[in-house]
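Numbering of the sequence shown is given in the numbering used here, commencing with residue 10 and proceeding in unit increments. C-beta atoms are modelled at their ideal positions from N, C-alpha and C, and glycine is treated no differently. Working notes, structure below.
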Amino acid sequence: MESRIRIGDTEYAPLPFKRRNETIFTKKEPPHRCPECNILPGGFHHVGCALELCPKCGEKWVYCKCSGLKVKIDMHTGRKCNIIPFIKK
Numbered sequence: 010m011e012s013r014i015r016i017g018d019t020e021y022a023p024l025p026f027k028r029r030n031e032t033i034f035t036k037k038e039p040p041h042r043c044p045e046c047n048i049l050p051g052g053f054h055h056v057g058c059a060l061e062l063c064p065k066c067g068e069k070w071v072y073c074k075c076s077g078l079k080v081k082i083d084m085h086t087g088r089k090c091n092i093i094p095f096i097k098k
């Protein structure tokens, strides 16, 4: 299933997980998974992962000032289902 992050009236694609400070030396090492949701680099964080980045501001999604909603899209029907809100007060 595909997902989108809705902030205001705009939908953003989630950002894939990547290692920080990757250099030519670290590329030879085995891939490090996300320590929170265990996803491999290039994959997308699981719902509720505290390390997922906001696609609008680039900060950690659970701590940023953007109010958003993760939307799961069923590829067979095209139906959208709201699965997790992040609302800042």
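query	result
Secondary structure of K79, DSSP reduced to three states	strand
Beta-bridge pairing of L49 - partner residues as DSSP gives them	According to DSSP, L49 bridges with nothing at all.
E20 versus V80 - alpha carbon distance	9 Å
Spatially closest choice to R42 from V56, G57 and F26, by CA coordinates	F26
Candidates Y72, H55, D18 and K74: closest to K24 by CA position	It should be pointed out that residue 24 corresponds to Leu in this sequence rather than to Lys. Closest by alpha carbon: H55.
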